[in-house]
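Peer 1: Pasting a structure below so you can have a look.
2 protein chains.
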Amino acid sequence: MGEGNIIITTTATDGRRTDTRDRIRATALEIFSERGWEGATLREIADRLGITRPALYYHFASKEAILDSIHDELARSVDEIIEWAGTQPTGAATRASVLDRLSALMVGQWGPFMHFAQREDDAMRALKGTAAFIKRMNALGDILSPEDTVAARIRARLALDALFMAGARSERLGGTQTERHEEALTIAKQLTR
Amino acid sequence: MGEGNIIITTTATDGRRTDTRDRIRATALEIFSERGWEGATLREIADRLGITRPALYYHFASKEAILDSIHDELARSVDEIIEWAGTQPTGAATRASVLDRLSALMVGQWGPFMHFAQREDDAMRALKGTAAFIKRMNALGDILSPEDTVAARIRARLALDALFMAGARSERLGGTQTERHEEALTIAKQLTR
DNA sequence: GTCTATAATACGATAGAC
DNA sequence: GTCTATCGTATTATAGAC
Numbered sequence: 004m005g006e007g008n009i010i011i012t013t014t015a016t017d018g019r020r021t022d023t024r025d026r027i028r029a030t031a032l033e034i035f036s037e038r039g040w041e042g043a044t045l046r047e048i049a050d051r052l053g054i055t056r057p058a059l060y061y062h063f064a065s066k067e068a069i070l071d072s073i074h075d076e077l078a079r080s081v082d083e084i085i086e087w088a089g090t091q092p093t094g095a096a097t098r099a100s101v102l103d104r105l106s107a108l109m110v111g112q113w114g115p116f117m118h119f120a121q122r123e124d125d126a127m128r129a130l131k132g133t134a135a136f137i138k139r140m141n142a143l144g145d146i147l148s149p150e151d152t153v154a155a156r157i158r159a160r161l162a163l164d165a166l167f168m169a170g171a172r173s174e175r176l177g178g179t180q181t182e183r184h185e186e187a188l189t190i191a192k193q194l195t196r
Numbered sequence: 004m005g006e007g008n009i010i011i012t013t014t015a016t017d018g019r020r021t022d023t024r025d026r027i028r029a030t031a032l033e034i035f036s037e038r039g040w041e042g043a044t045l046r047e048i049a050d051r052l053g054i055t056r057p058a059l060y061y062h063f064a065s066k067e068a069i070l071d072s073i074h075d076e077l078a079r080s081v082d083e084i085i086e087w088a089g090t091q092p093t094g095a096a097t098r099a100s101v102l103d104r105l106s107a108l109m110v111g112q113w114g115p116f117m118h119f120a121q122r123e124d125d126a127m128r129a130l131k132g133t134a135a136f137i138k139r140m141n142a143l144g145d146i147l148s149p150e151d152t153v154a155a156r157i158r159a160r161l162a163l164d165a166l167f168m169a170g171a172r173s174e175r176l177g178g179t180q181t182e183r184h185e186e187a188l189t190i191a192k193q194l195t196r
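Residue numbers (my numbering), protein chains in the order written: chain A, 4 to 196; chain B, 4 to 196.
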């Protein structure tokens, strides 16, 4: 809830880490993406960090609090895009720019997490953080629909899917990671034209 | 493995049900679709059927065996489509027919389950049944790609996503269920042209 | 800030009566 | 074919020492 999103590895003078909270979030993001919400265990997060489970509870009150914290960080970036779109005239150019900005997020570390959050949609509707994510995805779907028809809404959702597809594990599509992102972006723009 | 896929409710002369195995599969399909693999519990399946957890074990050896049994039934339908495509000349007309046949599966009871199986892809790679499902989805992706490029493979995957989207919970897209299926099919055909 | 030890709960699965 | 009772193991989470 409001932490910075730049992770800098530091050590105190006695050698103890002082960035454990950020390291927990980074590792949890990996494991949520790999295993899904139910499949991800605090044991695995702790083990991968080389600490014990109780130590996690010093930094976060619950498993859900870790997810919420990760989501808060992503939400700021997505909200920026949504708010920016609100200041622009509706049109194909604005939709293309929104897709450009979203694609940039996917290329970074958010690709696997957005894939996770999207895939867990109904299973996780109960989770506060993810419910908010779904609302943001719906807002993006509305922004990306050129007109108010079922077909346009399906196409807008597919445009988002295209970006997610390139952002997540997608080696089977062939080509380089960069190539996949570029092609997905091109197709997404065609779908929202 | 090898049971019929038509569920007929019958009762023996003393009033006991004789179709519990099929009822378990139908209910499990619902709950897997709603909650995902880890989120689905045998407790909920049993409760919804009005029986106890141990009673499930009379019909299936394990939770995984239930999933495998459901998957076997779907696999026969998907394999029919894949095999039929193999006998046809490659071309836009064949791809459109494959999409028609897949869409017909989605309109039936398989839509939510295909959404489930697709979404659980990496979390469930360990599960025998789902691993086989992923292989079939990859085969369909190949069949639906007009050429051997990254862009074509992304478009083929999005065509499948469009059908899945209409088949699963998708009320937010507006329109009627029939309308959503028709529009999704049209878009899918455009993507694989 | 991290540890050991443990509580409380839920899970999948089994044994054996009926 | 379904039940009651239970086992063994995992989970999230907490208490209190250091």
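Glycine included, C-beta positions come from ideal geometry on N, C-alpha and C.
Does the region 94–104 of chain A come within contact of the region 144–152 of chain A, defined as at least 3 CB pairs closer than 8 Å?
Peer 2: Touching, yes.
Peer 1: Who are the near neighbours of L59 of chain B in its chain, counting only those whose CB is closer than 7 Å to its CB and skipping five residues on each side?
Peer 2: Locating residue 59 of chain B in the second sequence gives position 56, where the first residue counts as 1. The answer, listed in chain order, is I27, L45, I48, A49.
Peer 1: Please name the residue in A:E174, A:L176, A:V153 whose C-alpha comes closest to that of E174 of chain B.
Peer 2: Counting from 1 along the second sequence, the entry for residue 174 of chain B is found at position 171. Of the listed residues, the one whose Cα sits closest to E174 of chain B is A:V153.
Peer 1: Taking its Cβ as the centre, do 16 or more other Cβ atoms sit within 10 Å of E83 of chain B, making it buried, or is it exposed?
Peer 2: Within the second sequence, the letter at position 80 stands for residue 83 of chain B. Result: exposed.
Peer 1: Determine whether the beta carbon atoms of L143 of chain A and L108 of chain A lie at a separation below 9 Å.
Peer 2: Stepping through the first sequence from its first residue, residue 143 of chain A is reached at position 140. Stepping through the first sequence from its first residue, residue 108 of chain A is reached at position 105. No; because the gap between Cβ atoms is not below 9 Å, this pair is not in contact.
Peer 1: Is there a C-beta anywhere in chain B that falls below 9 Å from the one on A187 of chain A?
Peer 2: Here residue 187 of chain A refers to the residue found at position 184 when the first sequence is read from its first residue. By this cut-off, A187 of chain A is an interface position.
Peer 1: Could you tell me which chain A residues have their CB closer than 9 Å to the CB of R128 of chain B, listed as they occur along the chain?
Peer 2: As a first step, residue 128 of chain B is located in the second sequence; it is residue number 125 there, counting from the start. Result: empty, since nearest Cβ-Cβ is about 10 Å, beyond 9 Å.
Peer 1: Could you give the distance in angstroms between the alpha-carbon of G53 of chain A and the alpha-carbon of T23 of chain A?
Peer 2: Numbered from its first residue, the first sequence carries residue 53 of chain A at position 50. Numbered from its first residue, the first sequence carries residue 23 of chain A at position 20. Approximately 11 Å, taken between the alpha carbons.
Peer 1: Kindly indicate which residue of B:Q91, B:R128, B:F119, B:R156 has the alpha-carbon position closest to the one of R38 of chain B.
Peer 2: Translated into positions along the second sequence, residue 38 of chain B becomes position 35. Of B:Q91, B:R128, B:F119, B:R156, the residue nearest in Cα terms is B:F119.
Peer 1: Put R139 of chain B into one of helix, strand or coil per three-state DSSP.
Peer 2: As a first step, residue 139 of chain B is located in the second sequence; it is residue number 136 there, counting from the start. The answer is helix: DSSP assigns R139 of chain B an H, G or I state.
Peer 1: Would E182 of chain A pass as an interface residue toward chain B - the criterion being a Cβ-Cβ separation below 9 Å?
Peer 2: In the first sequence, counting from the first residue as 1, residue 182 of chain A sits at position 179. Cβ-Cβ to chain B under 9 Å: yes for E182 of chain A.
Peer 1: Under 7 Å between beta-carbons, which chain B residues line up against E41 of chain A? List them in chain order, please.
Peer 2: Reading the first sequence from its first residue, position 38 is the one you call residue 41 of chain A. In chain order: G39, E41, G42.
Peer 1: Quick one: residues in its chain with C-beta nearer than 8 Å to the C-beta of L194 of chain A, no 5 flanking neighbours on either side, listed in chain order?
Peer 2: Taking the first residue of the first sequence as position 1, residue 194 of chain A is located at position 191. For L194 of chain A, where only same-chain residues beyond five positions count, the Cβ hits under 8 Å are R158, A159, L161, A162, A165.
Peer 1: Could you check which residue in B:A31, B:E86, B:E41, B:E33 has the C-alpha nearest to that of A129 of chain B?
Peer 2: The residue given as residue 129 of chain B occupies position 126 in the second sequence. Of the listed residues, the one whose Cα sits closest to A129 of chain B is B:E41.
Peer 1: Under a CB-based cut-off of 9 Å, is R51 of chain B close to chain A?
Peer 2: Indexing the second sequence from 1 puts residue 51 of chain B at position 48. Answer no: the Cβ-Cβ gap between R51 of chain B and chain A never drops below 9 Å.
Peer 1: Does DSSP put D145 of chain B in a helix, in a strand, or in coil?
Peer 2: Here residue 145 of chain B refers to the residue found at position 142 of the second sequence. D145 of chain B falls in the helix class under three-state DSSP.
Peer 1: Considering only the beta carbon of each residue, do G132 of chain B and L70 of chain B sit closer than 9 Å?
Peer 2: Taking the second sequence and counting its residues from 1, one reaches residue 132 of chain B at position 129. Taking the second sequence and counting its residues from 1, one reaches residue 70 of chain B at position 67. Contact: yes.
Peer 1: Examine chain B for any beta-carbon lying closer than 9 Å to the beta-carbon of V81 of chain A, and answer yes or no.
Peer 2: Residue mapping note: residue 81 of chain A aligns to position 78 of the first sequence, counting from 1. Answer no: the Cβ-Cβ gap between V81 of chain A and chain B never drops below 9 Å.
Peer 1: Determine the DSSP secondary structure at G177 of chain B, reduced to helix, strand or coil.
Peer 2: Against the second sequence, residue 177 of chain B aligns to sequence position 174. In the structure shown, G177 of chain B sits in coil (DSSP, three-state: anything other than H, G, I, E or B).
Peer 1: For P115 of chain A, name the three-state secondary structure that DSSP assigns.
Peer 2: Here residue 115 of chain A refers to the residue found at position 112 of the first sequence. P115 of chain A falls in the helix class under three-state DSSP.
Peer 1: Comparing the C-beta of M168 of chain A with each C-beta of chain B, is any distance below 9 Å?
Peer 2: The residue you call residue 168 of chain A lines up with position 165 of the first sequence. Output row for M168 of chain A: interface = yes.
Peer 1: When burial is assigned at 16 or more other CB atoms within 10 Å of the CB, is K138 of chain A buried or exposed?
Peer 2: For the purposes of this step, residue 138 of chain A is taken as the residue at position 135 of the first sequence. Classification for K138 of chain A: exposed.
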